[in-house]
Every structure is written in structure tokens, then in C-alpha cells.
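J.:
What follows is the structure, given as C-alpha cells:
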């Protein structure tokens, strides 16, 4: 029994991505529908271009999104919630810098009812004082707890420094901002964005035509408009910014810089390089700083892409006493990628891993819808994923070294250390 | 309906196969019958430390992760008080790679000093990151020994304290491996677009020659019934006071598990729940409060945890929580309230079963609990719960002599 030799294996083959059907509803609202679902599940994602970058006062976008079902004089938040619950529905709200969204989950048999309750409540929201004050208390309490976490503080400071503290992507809220928030702010934002602009809909589920008709009826009440957003100049504060937290026993570290968009010629190469550096368990950073030195429970890197910008980052939490040693090793790994070619064995291994990851992320209609959303929101070519696969196969160690030299320049990095 | 086929090797390894033709990915899950409950009180945190060591190389294979990544695969594992679970996902055409890797580390670990040294440090960092350096991070390190006086559930999986992990030796580690990591103490479940014959052949080929080393026939005496109310208050550097109330209840496979689960949903799931409505909205006592069950395999807990609003005393918080629990014990449940939580459960179940990994893991858990026949009976069990069951459960469970309370007093001063 020869246990020393690995069994033969094949590189993961690409999967043909299935795109959803596009349906034009009223007022320019687009619905993308993945109908071929084998069970009774229904998932409806409604996304507005109403992210935090659009707000003129801190926290407004966030609170508006969270309180869309806070009700009015006739139907309270509690009633609305109880009814959606009764039909086995789940409502999840989400906000990032570019979008405000709501996702409804339910089973086919009750989805019509769930959507009816949701849409009626959402279109007639008055942000009652009681619910507003309650949300403020809850959010402020959570904020105070988060503010004790080194990782949270580190992330905030990083955003401030990468984009600039006055940039829409870089602004962060403080305790005072919670206290200064007013109901009128939410109502204005709601009217302008949630009632006054058109969302985009992503539906995964084998629903009947009557549900589509209900979506169409609802879209008649919306507005065929999107708010123009002027991109603001960003100014990164490079170099080290340190926040001391004397009672912490770990230090949070974030290092990064502005990167490129998904349709940039370097993007796939940077993605592959990022994976090698810190994007999977066997990465350079993990192998060195966790598996060799034992400095941390986890370290990784990534590329975050937003509508108006993107950035590359490395993040970790390490024992306080090894803070400087960790930083030294991080820069050591960045430098190594600039000077030495990645060995063929490692490059092949990572490529194979990424192809397997791609399969995992294309598995089933829900996953495929997420892939489609990526293409739609980032205005990418329909061939994006086959281009990605081709690039992964093609990119050489030399090309990666060149990309490293371009992007991993110390003096261009923002370095945040908290703890 | 989760389907499966089962067989057993001569060395005692139980092998199950769940077919799924709709996915290109296969899952191989190995569940070992060992958890924190099998540790001795002076050597805690071992089951979890050991889980880390399982990735440090085996007898014939220097690296577990490397060859798996080359085959397009991903892996992870977790440990709790009851079990240790390992899983691999990879393209189905590379299924044999998973069998090769998992069987070699069941056969024998590499036991290198370097691996032990590094993973000791990593686990210590994990201890700090998740339990010591987070607000309210050490709650369960304090609450467990309050509830359990004799049973091994009295210590957390991460370990009672860091010193036990710091002092772990190579001999300790070797003993642990040979005692618990063997075919007759494990269940392997394969899911994906292949067939039973292929799985049988691979299992026989790779696991067949691993010797049986003895099933873990643990005989842990039950924790005696609690007969007095218990309380502990500590100070911590946190912004708000917090309270944790734990009641003893039936374990994972008792009828109480299902009743308790629905009861906890009625109390705290969603904005229309009783806790949210009364304790957060109306009385403004908490900024967050939730009820949940732990589902331990040997003993269960019904837990209520919440962060108090500024100015609210622990006495008031406790009293008001009690009021709600007594309402549940003394009044008949509204039919709609029960339908609501059952419908939410139904929806959640459908979404959860979309994941091949979830299905495979559930098969492993049910087999390990000797309840494989019950795996498709979950929905029925939840559906069978009626209003009287909830009321009886509340009457029995929510009594002072069955309660342990931990209060965290916050030391951080507010900036006014």
C-alpha cells in the first residue's frame, strides 16, 4: 500500500455560468430572475443605489436602511414583523458605501404574502419616534462595544487613511453622531433615495407568474431615476498611524493601498498575487506568521472593490509583544515577491486551488446569481469569468513579479497599528 | 428528504454516502468521537489543540493542506465539548485525494516537535483573540463552572486556562491520538455526484488497513440535578452591564430540545418576539437580549443573555426577565405565535439543506448519536410541539433552583 504517492488528480474544469433572465418592469426597474431552483426556496434581493457615500450627514444611510420596516401610525413595526414571521419570512437589511439593500427569504407557498406585507410597509414608512429612539439606543450600545475591539478600530482608521477622512468612503461616525441624528434626516433620505430612485431586483426561486406581476405592480409606484454621484478625489495618508490601547493584549494591524478596478489589465494578476500572498490557508503570510512563527490565529490579504475605488489590504491580530516582529515579516514577504520568482510548484498549486474555489463559488443558482451581480454592478463583460479562468491558466511568475514591484511599494502603503 | 447508504469496514469505521448529482463539488466529512468532555480536568484544551495538530503532517504526507490545494480542495475543522469534526470539499473527480489524506492522518500523525510548538502558540493566540481580548469574551469560561460541578462540560473547549495548553507535551499528544483517533471511533460521510460502489472501494482501499484501537466507550456520570440558585458577579472593562441566565434542560435528542428551541424563538426571535417587544421596546431595559439553547449531547442549557441599558440595575433586569418566563409558564400560548416560529423553522430548514456540506455533516452527527433513523424526522418533531408542551416546559425549566446567573459589571466610564 503506497501511501507516499498522491493519487492522480485533475485540474478543476470550468463551469458554464448560467445567467438570469432579464425582465423589464415599470419605471425602468430591472428584474433578474434565476428560475431553475430545485426546492421551494425563494430569495429576493432588492438593491438601491443608496449607500453611505450619498449621505450628507453621518449614519443617515445606515439608519434609514435599518428602519425601512419601522411602520407608521396604522401599522407598527411589531405588527409588520409578526406578519412576515407568521408566513415564515426573513428580512435582512444590508448597507455598504455604495448600496442599501433588503433581502427577503421565504418558501414559495407564502412568498406572495411576504412580499405584499414587505412592500406595503416599506412604501409607507414614517420612521416613528419610538422605533427611531429604540434603534438609536441599540446601535449606540453596539457601537460602544465595537469601539473596544482593536480590529474594529483598526478597520476604521484604515478607511480614514486610505481614502481621506473627508472622503465619502473614509468618513467614520463617532458617539456624537448617534446623538445628533434626527428623524427628519431619515425621512429626507428615504424620500430621495428609496421612494425617489429605482432599485434593481435579483430573484432566485421557482415562483409563479403572479409574484412577477406583483413585482411589476410595485415598480409602478417607484421613480425612474438614479442620483448622480460626483466622484471625489481621494488622498491616502501613507506611512504608519498608531492608536494605543493599553488594556489590549493583542495588536490589530492593517496595511494596504489603493488598487485597481476589475476591468483593469492588472486585476486578474493582482488577484492571483494576492491569493499567493495571503488569500488562502497555505499563503506566504499564513505559512510564515502563523504556521512558522505562531504569532497569530489568522492573517490574510484581499482586494476590496467598491463602485468608485478599490484597495488592497493585509490584516491580522497578533500578540502585542510580537507586533514589530510581525510587521517585519509582512514586509519581508512583500519584498520576496518583488525579488524572487514564485516557484512553479507553488504557482501551479495556487492556480489549482483558485480553480477549485471558482467551482465552489459557482455551485447552484444562488451562487451563480452572486457571480452575475458582480458582473452587473461592476459593468463587466459577460465573458468576465471565462476571461478570469483563462488568465489564471496563462499568468506567469515573471508577470506576477512585475505586478508585485508595481503595487507592493513600501512608501505607498498605509499602515495602521492598534493595540 | 436526506438519503444515504451505509456500510462498515472490518476495523469498525462507519462509512456513509449521500448522492447529489447537481453539484461538481464533493464533500468528505470525518467525525471523531472525542471532544472536550473526554479531557481530564488538569489537561483541558487538548481536543482542540489536537485538532490543530491534525493539520501538521502525517506519517507519509508532509503537508495536509498543500496536496489538497493542488487538487482544488479546501478544508477546515471544529471542536466542541462533544465531538471533533473535519471536512474537505473538492471537485468530485479528485475524491481519491481526500481519502488518501484523511486516511493517512488517521493512521498516524507526524508528531513533530515543531508542529506542537507552533500550534501551541497559535492556540494561545486564539485564546487571546476570541476569549480574552474581546468584550464579554470570557463569559463561558466563567459560566460553565458555575453550572457544572462534576461533569466535563464545566470547562470550555478552548481550555480552562492558558497554562494547560502551555504545558502540553509530546507524550500527552501521542497518548491522546492513540486513544481517540482510530477507525472504530469515527464516522466518515461522503457526499457528491458519485456512487456507493466507488465510495466503498475507496474506503476499503485507503482505510481498510488501519488497525482498530478501541471505541471510546465513555462513562461520564451525569451532572446531578441542580438544587439551588447560583450567582456570580464580576467586573470587566466593558461599556455596558450584561447578564447571562442559564437553566438546565434535556440534551440534543430529547423531546425537550425541540420544545426548548421553539420556546427560545417565541421569546426572542425577531422584532415581534416577547423579549424584544417588552424588554427592549416597551420597558427599554436592554439594548439586546436573546434566548437560545445549547443542544449539548449529554446535557442541554436554555440560555438568556442580554446587555443592559445604562441605569438599569441587575435586580430590575432579572425581575423583568422572570416576569416574561412566568407569562410563558402560566398562560396558554397563542396559536399564531407557535405557527410563526414553526414556519420560520421550515423556511430555515429548506435553505440550510441547499448546502451539501450541511446535509453531509448532519448525517455524520446523527450517525454518531446513534440516531440515523431520525434524521428525516426533524420537521415532524418540531411540528408536533403544541402550546401545552411549551407551557409545561416553561413550568419545569424556569425555576430558581435550576438557574445559574452570571452578571458582568462594566468598568468603563461613559464620556459625558
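Residue numbers (the working numbering), protein chains in the order written: chain A, 2 to 420; chain B, 47 to 462.
We treat Cβ as the ideally placed atom computed from N, Cα and C, and that holds for glycine.
No experiment lies behind these values; they were computed from the predicted model shown.
1) For the segment 239-273 of chain A, enumerate the residues whose C-beta is nearer than 8 Å to any C-beta of chain B, in chain order.
2) What do you get for residue 206 of chain B, buried or exposed, if any count of 16 or more other CB atoms within 10 angstroms of its CB means buried?
3) Leaving out the 5 sequence neighbours to the left and right, which residues in its chain are closer than 7 Å to residue 252 of chain B when beta-carbon positions are compared?
4) Look at the alpha carbon of residue 79 of chain B and the alpha carbon of residue 112 of chain B, and state the distance between them as a whole number of angstroms.
5) Hey, how far is the Cα of residue 442 of chain A from the Cα of residue 420 of chain A?
6) Considering just the uninterrupted stretch of the alpha helix (DSSP H) at residue 210 of chain B, what are its terminal residues?
7) So, is the C-beta of residue 386 of chain B closer than 8 Å to a C-beta in chain A?
8) Using a Cβ-Cβ cutoff of 8 Å, what residues of the segment 162-173 of chain A are near chain B? List them in chain order.
9) Can you name the start and end residues of the alpha helix (DSSP H) that residue 389 of chain B belongs to?
10) Helix, strand or coil for residue 461 of chain B? Go by DSSP, reduced to three states.
11) Residues of chain A with CB under 9 Å from residue 326 of chain B, in chain order?
12) Quick check on residue 394 of chain A: buried or exposed, where buried means 16 or more other Cβ atoms within 10 Å of its Cβ?
13) Please list, in chain order, the residues of the segment 237-269 of chain B that have any C-beta partner in chain A closer than 7 Å.
14) Let me know the secondary structure DSSP gives residue 93 of chain A once reduced to three states.
15) DSSP on residue 6 of chain A, reduced to helix/strand/coil?
16) Is the shortest distance between the beta-carbon of residue 390 of chain A and the beta-carbons of chain B less than 8 Å?
17) Assuming residue 162 of chain A is part of the beta strand (DSSP E), what are its boundary residues?
18) Would you report the Cα separation of residue 349 of chain B and residue 449 of chain B, rounded to the nearest angstrom?
19) Which term fits residue 295 of chain B, buried or exposed, when burial requires 16 or more other beta carbons within 10 angstroms of its beta carbon?
20) Quick one: using the 10 Å Cβ neighbour count with 16 as the cut-off for buried, is residue 177 of chain A buried or exposed?
21) Spatial neighbours of residue 141 of chain A within its chain, please: C-beta separation below 6 Å, excluding the five flanking residues on both sides.
22) Evaluate the contact criterion for the segment 107-122 of chain B versus the segment 350-368 of chain A: three or more CB pairs, one atom per stretch, below 8 Å.
23) Within the chosen definition, does the segment 433-446 of chain B reach the segment 370-380 of chain B through at least 3 CB pairs nearer than 8 Å?
24) Going by DSSP in three states, residue 447 of chain B sits in which element: helix, strand or coil?
25) So, under 8 Å CB-CB, residue 371 of chain A and residue 200 of chain A are touching, yes? Tell me the CB distance rounded to an integer number of Å.
26) Compute the minimum distance between the beta carbon of residue 53 of chain A and the heavy atoms of the ligand GDP, and state whether it is under 7 Å.
27) Can you name the start and end residues of the alpha helix (DSSP H) that residue 304 of chain B belongs to?
28) At a Cβ threshold of 8 Å, is residue 200 of chain A touching chain B?
29) Have a look at residue 175 of chain B and residue 385 of chain B and give me their C-alpha separation to the nearest angstrom.
30) Measuring only the C-alpha atoms, how far is residue 256 of chain B from residue 317 of chain A?
31) Taking only three categories from DSSP, how would you classify residue 279 of chain B?
32) What first and last residue would you give for the alpha helix (DSSP H) that runs through residue 64 of chain B?
33) Indicate whether at least one CB of chain B lies closer than 8 Å to the CB of residue 398 of chain A.
34) To which residues of the same chain is residue 151 of chain B closer than 7 Å at the C-beta, ignoring the five residues directly before and after it?
35) May I ask which residues mark the beginning and end of the alpha helix (DSSP H) holding residue 253 of chain A?
36) Please state whether DSSP places residue 89 of chain B in a helix, a strand or coil.
T.: Judging by the given coordinates:
1) Of all residues in the segment 239-273 of chain A, 248, 249, 250, 251 have a Cβ within less than 8 Å of some Cβ in chain B.
2) buried
3) Around residue 252 of chain B: 145, 146, 149.
4) 27 Å
5) Because chain A in this structure spans residues 2 to 420, residue 442 of chain A falls outside the shown range and cannot be described.
6) 208-212 is the span of the alpha helix (DSSP H), which, as asked, contains residue 210 of chain B.
7) yes
8) none
9) Per DSSP, the unbroken alpha helix (DSSP H) holding residue 389 of chain B starts and ends at 381-398.
10) Summary for residue 461 of chain B: the model assigns pLDDT 44, below 50, so the residue's position carries little reliability; its value from the coordinates is reported in the next sentence. Coil, per DSSP.
11) 135, 138, 139
12) exposed
13) Result list: 255.
14) In the structure shown, the three-state DSSP call for residue 93 of chain A is strand.
15) coil
16) For residue 390 of chain A, not one C-beta of chain B is nearer than 8 Å to its own C-beta.
17) That residue, residue 162 of chain A, is in no beta strand (DSSP E); its alpha helix (DSSP H) goes 151-164.
18) 10 Å
19) buried
20) exposed
21) 179
22) yes
23) yes
24) Taken through DSSP and simplified to helix, strand or coil, residue 447 of chain B comes out as helix.
25) Actually they do not touch by this definition, with Cβ atoms about 17 Å apart.
26) With respect to the ligand GDP, the structure shown offers nothing to examine, as it has no ligands at all.
27) Note, residue 304 of chain B: alpha helix (DSSP H), 301-314.
28) no
29) So the alpha carbons of these two residues sit roughly 40 Å apart.
30) 40 Å
31) Secondary structure of residue 279 of chain B (DSSP, three-state): strand.
32) For residue 64 of chain B, there is no enclosing alpha helix (DSSP H); the residue is found in the beta strand (DSSP E) stretching over 60-65.
33) no
34) 100, 104, 110
35) Membership of residue 253 of chain A in any alpha helix (DSSP H) is not indicated; the residue belongs instead to the beta strand (DSSP E) covering 251-259.
36) strand
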